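In our numbering, the protein residues as written are 51 to 165.
A virtual CB, placed ideally from N, CA and C, is assigned to each residue, including glycine.
All figures in this text were calculated on a predicted structure; none of them were measured in a lab.
Written out below as C-alpha coordinates is the structure these notes cover.
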(Lines of atoms letter the chains of each structure in order from A and count residues from 1; the text may use other names and numbers.)
(Lines give C-alpha, C1' and ligand atoms only; values in the text may rest on other atoms or scores of the structure.)
Protein backbone atom coordinates (compact mmCIF):
# COMPACT_ATOMS: atom_id res chain seq x y z
CA UNK A 1 0.00 0.00 0.00
CA UNK A 2 1.52 3.27 -1.06
CA UNK A 3 1.87 5.94 1.57
CA UNK A 4 -0.63 8.69 1.09
CA UNK A 5 -2.81 6.52 -1.11
CA UNK A 6 -6.24 5.82 0.31
CA UNK A 7 -7.15 2.10 0.36
CA UNK A 8 -10.59 0.73 1.05
CA UNK A 9 -10.59 -1.07 4.42
CA UNK A 10 -12.46 -4.03 2.95
CA UNK A 11 -9.60 -4.92 0.61
CA UNK A 12 -6.70 -4.10 2.91
CA UNK A 13 -6.17 -7.74 4.02
CA UNK A 14 -5.97 -8.82 0.39
CA UNK A 15 -3.61 -6.01 -0.54
CA UNK A 16 -1.38 -6.93 2.41
CA UNK A 17 -1.46 -10.60 1.44
CA UNK A 18 -0.38 -9.80 -2.12
CA UNK A 19 2.31 -7.46 -0.87
CA UNK A 20 3.80 -10.08 1.48
CA UNK A 21 3.26 -13.26 -0.55
CA UNK A 22 6.28 -14.29 -2.61
CA UNK A 23 4.67 -17.29 -4.28
CA UNK A 24 3.50 -17.30 -7.90
CA UNK A 25 -0.22 -17.72 -8.53
CA UNK A 26 0.44 -21.15 -10.07
CA UNK A 27 2.47 -22.37 -7.09
CA UNK A 28 -0.08 -20.94 -4.66
CA UNK A 29 -2.91 -22.86 -6.33
CA UNK A 30 -0.94 -26.11 -6.58
CA UNK A 31 -0.07 -25.81 -2.88
CA UNK A 32 -3.77 -25.53 -2.00
CA UNK A 33 -4.28 -29.02 -3.46
CA UNK A 34 -1.99 -30.38 -0.74
CA UNK A 35 -4.76 -29.66 1.78
CA UNK A 36 -7.96 -29.60 -0.27
CA UNK A 37 -9.57 -32.20 -2.53
CA UNK A 38 -11.50 -29.63 -4.53
CA UNK A 39 -10.26 -26.20 -5.52
CA UNK A 40 -12.44 -23.71 -7.37
CA UNK A 41 -10.88 -21.13 -9.61
CA UNK A 42 -13.46 -18.55 -10.58
CA UNK A 43 -13.17 -16.80 -13.87
CA UNK A 44 -12.94 -13.08 -14.22
CA UNK A 45 -14.24 -10.89 -17.01
CA UNK A 46 -14.05 -13.17 -20.07
CA UNK A 47 -11.83 -11.00 -22.30
CA UNK A 48 -9.18 -10.86 -19.54
CA UNK A 49 -6.90 -13.46 -21.09
CA UNK A 50 -4.22 -13.94 -18.42
CA UNK A 51 -6.63 -16.06 -16.37
CA UNK A 52 -6.70 -18.64 -19.14
CA UNK A 53 -2.93 -18.53 -19.47
CA UNK A 54 -2.70 -19.33 -15.75
CA UNK A 55 -5.04 -22.31 -16.15
CA UNK A 56 -2.95 -23.62 -19.06
CA UNK A 57 0.23 -23.24 -16.99
CA UNK A 58 -1.41 -25.14 -14.12
CA UNK A 59 -2.44 -27.98 -16.43
CA UNK A 60 1.05 -28.28 -17.90
CA UNK A 61 2.81 -28.38 -14.53
CA UNK A 62 4.14 -31.86 -13.64
CA UNK A 63 3.00 -31.45 -10.02
CA UNK A 64 -0.55 -30.83 -11.19
CA UNK A 65 -0.46 -33.75 -13.61
CA UNK A 66 0.94 -36.12 -10.98
CA UNK A 67 -1.01 -35.02 -7.90
CA UNK A 68 -4.24 -33.52 -9.19
CA UNK A 69 -4.91 -34.41 -12.77
CA UNK A 70 -8.66 -33.78 -12.84
CA UNK A 71 -10.24 -30.62 -14.14
CA UNK A 72 -13.90 -29.68 -14.24
CA UNK A 73 -14.69 -26.49 -16.09
CA UNK A 74 -18.05 -24.83 -15.58
CA UNK A 75 -19.53 -24.24 -18.98
CA UNK A 76 -23.23 -24.75 -18.43
CA UNK A 77 -26.06 -22.69 -17.06
CA UNK A 78 -27.82 -22.91 -13.72
CA UNK A 79 -30.46 -25.30 -15.03
CA UNK A 80 -27.76 -28.03 -15.05
CA UNK A 81 -26.59 -27.53 -11.47
CA UNK A 82 -28.33 -30.73 -10.24
CA UNK A 83 -26.45 -32.82 -12.82
CA UNK A 84 -23.17 -31.08 -12.06
CA UNK A 85 -23.73 -31.61 -8.32
CA UNK A 86 -24.42 -35.29 -8.94
CA UNK A 87 -21.23 -35.58 -10.99
CA UNK A 88 -19.14 -33.91 -8.28
CA UNK A 89 -20.67 -35.55 -5.22
CA UNK A 90 -21.55 -39.13 -6.21
CA UNK A 91 -18.50 -41.27 -5.47
CA UNK A 92 -20.20 -44.45 -6.70
CA UNK A 93 -20.79 -43.53 -10.34
CA UNK A 94 -19.52 -46.13 -12.78
CA UNK A 95 -17.44 -45.11 -15.80
CA UNK A 96 -20.51 -45.63 -18.01
CA UNK A 97 -22.63 -43.41 -15.73
CA UNK A 98 -19.93 -40.73 -15.64
CA UNK A 99 -19.64 -40.72 -19.43
CA UNK A 100 -23.41 -40.62 -19.82
CA UNK A 101 -23.81 -37.77 -17.34
CA UNK A 102 -21.04 -35.71 -18.95
CA UNK A 103 -22.55 -36.25 -22.41
CA UNK A 104 -25.96 -35.19 -21.10
CA UNK A 105 -24.54 -31.99 -19.63
CA UNK A 106 -22.44 -31.15 -22.71
CA UNK A 107 -25.10 -31.93 -25.31
CA UNK A 108 -28.00 -30.16 -23.67
CA UNK A 109 -26.50 -27.00 -22.27
CA UNK A 110 -28.11 -23.82 -23.51
CA UNK A 111 -24.84 -22.12 -24.46
CA UNK A 112 -22.78 -23.78 -27.22
CA UNK A 113 -24.45 -27.22 -27.09
CA UNK A 114 -22.47 -30.13 -28.50
CA UNK A 115 -24.39 -32.33 -30.91
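Check: At least three beta-carbon pairs within less than 8 angstroms, the region 101 to 108 to the region 134 to 144; Outcome: no
Check: Buried/exposed call for residue 61, threshold 16 Cβ in 10 Å; Outcome: exposed
Check: 6 angstroms Cβ shell around residue 109 - same chain, five flanking residues per side excluded; Outcome: none
Check: Pairwise C-alpha distance: residue 157 and residue 73; Outcome: 39 angstroms
Check: Counted within 10 angstroms of its Cβ, other Cβ atoms place residue 79 as buried (16 or more) or exposed; Outcome: buried
Check: Rounded separation between residue 88 and residue 147 - CA only; Outcome: 21 angstroms
Check: Residue 100 (DSSP reduced to helix, strand or coil); Outcome: helix
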